[in-house]
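Visitor:
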Amino acid sequence: MSKSETQWNNFNVAFNNYLAYIERKHNRFELTIIDLLYVGNFKGGNASIVSTESDVNRALSSYSVALVEINSQIDGKSLNEMSQAQKNCVKSIAQQFIEMPLNPVTGIKGFKSSYASAILCAHFSNLLPVIDRNVLSGFGIKHQTKQGQVVDIDKYYPRLIDCFWRRMSKSESLTLREIDRDMFVKGANLR
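In this text, residue positions in the sequence shown follow our numbering: the first is 1145, and each later residue adds one.
1. For glycine 1184, which residues in the same chain have their Cβ closer than 6 Å to its Cβ, ignoring the five residues on either side in sequence?
2. May I have the straight-line CA-CA distance separating alanine 1164 from isoleucine 1177, to the nearest angstrom?
3. Within the continuous alpha helix (DSSP H) that includes threonine 1150, where are the two ends?
4. Who are isoleucine 1252's beta bridge partners in DSSP?
5. With a 10 Å radius around its C-beta and 16 neighbouring C-beta atoms as the bar for buried, classify arginine 1245 as buried or exposed.
6. Report yes if the C-beta distance between serine 1257 and isoleucine 1297 is below 8 Å; otherwise report no.
7. With a threshold of 16 other CB atoms inside 10 Å of the CB of valine 1209, please say whether the residue is buried or exposed.
8. Less than 8 Å between the CB atoms is what I'm expecting for isoleucine 1252 and valine 1200, so what's the real figure, rounded?
9. Using the three-state DSSP reduction, which class does proline 1273 fall into: helix, strand or coil?
10. For my contact list, aspartate 1326 and proline 1273 are in at a C-beta cut-off of 8 Å; report their separation, rounded to the angstrom.
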């Protein structure tokens, strides 16, 4: 097993721990600071939530409302079951969600758009992917500056959703998470 496969498998254990936590919650869409700890564990990196707990919970109430709204619009469908028009609608609402960390009212210090996409994926794991630089690379989506930095990663989310939709439409037996694994490993091996 390659280093990138081991890394993805470790992240997937953390992701499944978060899924188990969501299943135990009374209201799966009601987010708390505990959700952010699970997401931070799953996403890795070195970001720390540095907003006060009361500010975090106040901001998360808006995220919870948005999750309920997304759930009401998707009607339990997976990405490969969506028409082009439905997918475009989902892309729009997902983009709005992952831009919430950039808004002064709903922003949480240390919580970025990629973390918001992880919350979406955990709540809608057959519909919305996690935005990740390795996955972007795996799909061949150019996203780095000349210095190798990833700037404004949230801007690539609609295109990433399109890539997953096309791949899932071609092979309905593949799940979103299986494609994520393949593209993560491929992208990590390109670096």
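Don't be surprised by glycine CBs; every beta carbon is placed ideally from N, CA and C. Owing to the predicted nature of the structure, the values given are computational and were not obtained by experimental measurement.
Guide: Reading it off the structure:
1. So no residue of the chain qualifies.
2. 16 Å
3. 1147-1168
4. The partner list for isoleucine 1252 (beta bridge, DSSP) reads Phe1255.
5. A small fix is needed here, since residue 1245 is proline in this sequence, not arginine. Taking all protein chains in view, the Cβ of proline 1245 is crowded by 16 or more other Cβ atoms within 10 Å, so the residue is classified as buried.
6. yes
7. exposed
8. 5 Å
9. In the structure shown, proline 1273 sits in coil (DSSP, three-state: anything other than H, G, I, E or B).
10. Contact doesn't hold; Cβ gap of about 12 Å is too wide.
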